[in-house]
Amino acid sequence: MSTQHTPSLRHLATGLAVALSSGCSVFGPTIPERAAVEAANPIEFPAVDGLEDEESAFVADTGDAWVKAEPQSPHIGGDGVNSFQMRGVQLATAIHMIAEAGGVNIYLDAGLDRLVDASFPAITLDDALQVLLKQNGLRLVEDPPGIYWVTANDGSEPSTAHFRVQSIDAAGIVEDLTRLVSSNARLVVNAEQNLIVLDGSARDVELVSDYLDSADRLKRQVLLELELVELTLNDTFELGISYAMTDAEIGGPNFLTLAQNLATGNGEFTATLDNTDIPLSATLTALQQYAGVNVLSSPRVLAVTKSPAKVEVVTEIPYIRATVETNVGGGSAGTSTAEEVEFKESGLTMSVTPTIQEGGVVEIVIEQKFSNVVDYFQDIPVLDSRNLSTVMSVQDGHTAVLGGLIQNAISEDDTGVPLLMDIPLVGRLFRSDIDQSQRRQLLVFVTPRVLSTTQSARLSKQMRGEYRETLRTSGLSPAEDL
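Encoded structure:
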């Protein structure tokens with residue numbers, strides 16, 4: 086549930102001016118009026134310093150996520166600590182020293198004559214051997230059981246790994262994984278269990294593991310606070326002649342006084358033209374005022390990054406569509422009329438797609454259509470539409486305003502002295518022409534907030550509580566499952 090409020094004229098005037106000049110502008114974290122309303126009914130967002138902390142929150146929410154598969158190296162010793170001094174000895178000699186300490190059978194190929202310089206005062210046999218092997222691009226293999234040998238760790242050795250993905254569809258990434266692994270590798274996918282089994286080389290396992298490490302993440306969510314405000318400007322331009330009778334009838338010696346009066350919001354400008362023989366006054370008035378502000382809609386939408394969210398607040402307007410058919414046959418002609426009911430939609434339709442980027446920036450793709458009935462033609466509704474489609478980037482928690490969607494409605498009214506006002510040219514002195522132009526400007530305020538799953542659940546709980554409280558204050562009994 087969202088709380089609706091009416092922004093002040095001062096703020097909307099500022100937004101209107103900025104929107105007209107640049108089309109789009111970004112305001113601070115919240116507009117002042119929004120901050121006042123939310124201070125009374127706060128939405129609790131846990132403190133987040135940046136997207137790095139947000140990322141950690143999402144990783145914590147994943148539960149038992151799969152662990153990156155690592156090839157298991159054979160064990161040659163227990164947890165006991167040993168001491169080795171390998172100063173300027175050949176690699177083969179150093180490996181034999183560790184094998185003798187563990188009492189294991191080991192086979193070494195030729196070519197391990199490079200020198201090593203290591204000092205291990207307190208280390209297990211497994212750790213000492215792994216340090217030497219990894220630093221020299223080697224790995225330990227046990228085959229057959231009880232016999233160990235050393236081979237190059239170039240990724241070509243056979244390997245099998247199991248992956249159980251958590252946040253993506255395993256069946257949906259098979260094509261990507263197939264392109265990653267070699268042609269000899271085999272992929273088995275259990276879609277129901279979201280399980281992937283890979284049988285290939287160690288290099289294949291490493292590639293798939295790295296891919297899933299980046300892809301198998303919870304998609305972050307964005308709370309989009311939208312507000313559509315229609316600002317109505319009444320531009321009343323009144324041009325005419327007003328007559329002030331001064332001790333004389335029309336046509337008398339002191340006939341008229343001509344004055345021009347230009348009224349503005351803050352002051353008044355008057356110019357008076359007097360004729361000593363025929364005093365004449367005429368008044369020119371220009372009025373411009375704000376007529377009203379209307380909050381059309383204030384939806385809140387929670388959307389997954391890169392996924393569209395759609396808001397529709399429409400009214401279906403029925404009308405009758407008649408079809409006339411002419412029948413010719415059997416020497417006679419006739420017509421038949423078929424009527425069917427059709428509908429036109431009037432209201433608001435909006436599609437918003439957020440994409441979370443680096444640095445707390447949210448890219449927003451917004452497509453908005455607002456239509457309303459302005460007239461009827463033969464009982465068929467005539468709609469005016471104001472459409473907007475754009476892509477913008479907004480900082481998390483900040484507000485962007487889009488404007489420039491202006492609709493004009495003009496009306497004309499002529500008043501004056503009957504008969505005289507219709508005289509060509511001269512009649513202009515005996516009538517007043519009032520042209521009224523109503524301009525309606527549509528402003529769209531967008532505020533994105535990046536949420537973790539914990540924040541999303543907390544927000545849903547809070548909004549559910551607000552909705553229940555609203556039902557209670559309205560005299561309604563909320564359902565128990567709300």
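Residue numbers (the working numbering): 86 to 567.
Ideal placement from N, C-alpha and C gives every residue a C-beta, glycine not left out.
Under the three-state reduction of DSSP output, R199 falls in the coil class, being neither helix nor strand. Shown here for V189: same chain residues with a beta carbon closer than 7 Å to its own, the five before and five after excluded, namely I161 and Y233 in chain order. Excluding residues up to 5 positions away in sequence, E448 lie with their Cβ nearer than 6 Å to the Cβ of Q442 in the same chain. As summarised for the region 156 to 194, the continuous beta strand (DSSP E) elements at least 3 residues long and confined to that stretch are 167 to 175 and 190 to 192, given in chain order. Taking C-beta separations shorter than 7 Å and ignoring five residues to either side along the sequence, the partners of A237 in its chain run G222 and L223, following chain order. Rounded to the nearest angstrom, the gap between the Cα atoms of N472 and V531 is 16 Å. In this structure, the straight-line span from the alpha carbon of V250 to that of D261 is close to 14 Å. Per DSSP, reduced to three states, the secondary structure at K429 is strand. Residue environment for L561: exposed (fewer than 16 other C-beta atoms within 10 angstroms of its C-beta).
If you check the CB distance, D481 and G444 do not come in under 7 Å. L303 has its alpha-carbon roughly 24 Å from the corresponding atom of R549.
Proximity of the region 212 to 220 to the region 167 to 187 meets the contact definition, three or more beta-carbon pairs being nearer than 8 Å.
Take I402, set aside five residues on each side of it, and the residues of its chain with a beta-carbon closer than 7 Å to its own are F428, K429, S431, V458 and P466, in chain order. In the DSSP assignment, L297 falls within the unbroken alpha helix (DSSP H) covering A287 to A300. Residues of the same chain with a CB within less than 8 Å of the CB of Q175, apart from the 5 flanking positions on each side, are L197, D198, R199, L200 and V201 in chain order. The region 310 to 319 makes contact with the region 383 to 400, as at least three CB pairs between them are under 8 Å. In the three-state DSSP reduction, A423 falls in the strand class (E or B). Spatial neighbours of E397 in its own chain (CB-CB distance under 6 Å, excluding positions within 5 residues in sequence) are listed in chain order as T434. Per DSSP, G488 has no beta-bridge partner at all. In this structure, V273 sits away from A207, with a CB-CB distance that is not shorter than 7 Å. Burial state of D301 is buried, judged by a 10 Å Cβ sphere holding 16 or more other Cβ atoms. I491 sits away from T475, with the two beta carbons spaced by 7 Å or more. Cβ-Cβ separation between L225 and S158: approximately 5 Å, consistent with a contact (criterion under 8 Å). DSSP places T400 in the strand class (E or B) of the three-state scheme. DSSP places I253 in the coil class of the three-state scheme, outside both helix and strand.
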